[in-house]
Structure formats: structure tokens, C-alpha cells
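Student:
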Amino acid sequence: MTEQINLSYVCTLWYKPRKTMQTLIENGRGHRAALIVAIASGMIQALPVYSSNESLGVSVYLIGALVGFFGLYLFAWLLRNFGRWFGAQASLREVRTGMGLGLMPWLLCFLVLFLLRQNFGSSAVGQYFWLFFVPLVYGYIIVILSLTAVLRLTLLKTFLCLVLTIIFSLFPLTFLFQVLAPLLFSTQ
């Protein structure tokens, strides 16, 4: 019965994200799957770096997995704290579950983009960009609806909370990566 429930929420998240997330949060399920999605997402984002410089080896995948894992924890912590400004009463585990599972459409979309680029080149990605724009927007809608259910806020408040979280995490993390990247990826 547990397998049926797990398969069920993976499928229903695509067309009923809010209701699915509410059910998962009420039953205390989905956290492990959310962590797996976050780790896999970090690894998928590391694939282009690995394919362009294979001398880096498996360390790129390990770094990608760690960035996905710790990124989810950091982002959920910031999201929960900014959500409190708007009246949210969610635990960190609930926010991680909502955020991690909400990334599932983007995970699949970036995997298909990478495979398309590897097999047909960058021109194919540019030529079929419109096919990937729709799933990226749809993925964002799933993230918003999942977080709306987790934070128990309105769509507008959830959107503002997400915008604040992105602003306060993206720019400092980008700066930190620019400082640390030469040290981590030097091939001397």
C-alpha cells in the first residue's frame, strides 16, 4: 500500500499540486522523496560542467549533489523565515517537502534539455526553446501552488515570499560561488 501511495503523489503532483501537497503534509510523507529530487536536481545542473571538462571526474557530481541538498535546506530555511513575515506557520520539514517535490518538473525538463543538447547540439536547444519554456513556466506554477499549500498563504503572499527568498539567497550565493569556483575547479 505504501508503494501505491508514493506512486500516487508523484503522479497527482503534476495536475493537483496543492491538494497533493496538503495530503502529504497532513500525513507527514514526501520528505525523503523531496531530498532525492533536490540531490538529483543538483546533479543534473552539474552535467554540463562535467561534459565540458571530464577531467574533473565524479567530483562534479558530488559537488552538484551537495549543492542540491544544502541548497534545499538553505532555501527552505529562508523561505520559512520570510513566510513568517506574511503569517505562515510551517515547519522546516514541510517547506523542504513542498520545495523539493515542486522541483520535479524542472528536474525532468533540465534532464531532457541536457540530453537534447548532447545528442543534437546547442542549435537544437535554441530551435526548440519554446517547447521548454512552457514546462519551465508550468514547473514554476507547481512550485508556487505547492508552497501555497505548505505555507498556508495566498498565492500573492507566497509569490512575494518566494521573490524575497530568491533575492536574498541568489545574489549572495552567486557571489560566494564566484569566489570559491576558481579554488574548487582549478586544474593545476
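So the sequence shown is numbered by the working numbering: it starts at -4 and just counts up by one. Glycine included, each C-beta is placed from N, C-alpha and C at the ideal position. Please read all numbers here as calculations on a predicted model, not as lab measurements.
(1) Could you name the residues of the same chain whose beta carbon sits closer than 7 Å to that of T15, not counting the 5 residues immediately before and after it, in chain order?
(2) For L185, which residues of its own chain have a beta-carbon under 6 Å away from its beta-carbon, when the five flanking residues on both sides are left out?
(3) Flag this pair as touching only if the region 141 to 151 and the region 77 to 94 have three or more C-beta atom pairs under 8 Å; answer yes or no.
(4) How should A176 be labelled, buried or exposed, when 16 other C-beta atoms within 10 angstroms of its C-beta is the threshold for buried?
(5) If contact is defined by three or more beta carbon pairs under 8 Å, each pair taking one atom from either stretch, is the region 154 to 164 in contact with the region 66 to 79?
(6) State whether the region 114 to 133 contacts the region 52 to 61, with contact taken as three or more CB pairs (one from each stretch) at a distance under 8 Å.
(7) For W72, which option in A83, Y135, F65 and L87 has the closest C-alpha, if you only look at C-alpha atoms?
(8) If you drop the 5 nearest sequence neighbours on each side, which residues of the same chain put their C-beta closer than 6 Å to that of L148?
(9) Using a Cβ-Cβ cutoff of less than 7 Å, which residues in the same chain neighbour G25 once the five nearest sequence positions on both sides are dropped?
(10) If you count every other CB in all the chains shown that lies within 10 Å of the CB of L171, and 16 or more means buried, which is it?
(11) Going by alpha carbons, who is nearest to G66 out of V53, S54 and Q40?
(12) Taking only runs of the alpha helix (DSSP H) that begin and end inside the region 124 to 178, which ones reach a length of at least 4 residues, in chain order?
(13) Figure out for me which residue from T160, I139 and I161 has the closest Cα to the Cα of L151.
(14) Less than 8 Å between the C-beta atoms of V32 and M99, yes or no?
(15) Mark E21 as exposed unless 16 or more other C-beta atoms lie within 10 angstroms of its C-beta, in which case mark it buried.
Tutor: In brief:
(1) On the sequence shown, residue 15 is found 20 positions in, with the first residue counted as 1. Excluding sequence neighbours, T15 sits near Y4, T7 and L8.
(2) There is simply no residue 185 to check, as the chain begins at -4 and stops at 183 in what is shown.
(3) yes
(4) In the sequence shown, counting from the first residue as 1, residue 176 sits at position 181. A176 is exposed by the Cβ-count criterion.
(5) By the criterion of at least three beta-carbon pairs nearer than 8 Å, the region 66 to 79 is in contact with the region 154 to 164.
(6) no
(7) Residue numbering aside, residue 72 sits at position 77 when the sequence shown is read from its first letter. Checking every option, the nearest Cα to that of W72 belongs to L87.
(8) Within the sequence shown, residue 148 is the residue found at index 153, counting from 1. So the list reads F81 and A83, once near-sequence residues are dropped.
(9) Position 30 of the sequence shown, counting from 1, holds the residue named residue 25. So the list reads Y4, L19, T92 and L96, once near-sequence residues are dropped.
(10) Your numbering for residue 171 matches position 176 in the sequence shown. Under a 10 Å Cβ-count criterion, L171 is classified as exposed, with fewer than 16 other Cβ atoms of the shown protein chains found around its own Cβ.
(11) Start at 1 with the first residue of the sequence shown, and residue 66 comes out as number 71. The shortest C-alpha separation from G66 is found at Q40.
(12) 124 to 146
(13) Taking the sequence shown and counting its residues from 1, the one referred to as residue 151 is at position 156. Considering only alpha carbons, the answer is I139.
(14) One-based indexing of the sequence shown puts residue 32 at position 37. One-based indexing of the sequence shown puts residue 99 at position 104. Contact flag set, yes.
(15) Your numbering for residue 21 matches position 26 in the sequence shown. Counting Cβ neighbours within 10 Å, E21 comes out exposed, since fewer than 16 surround it.
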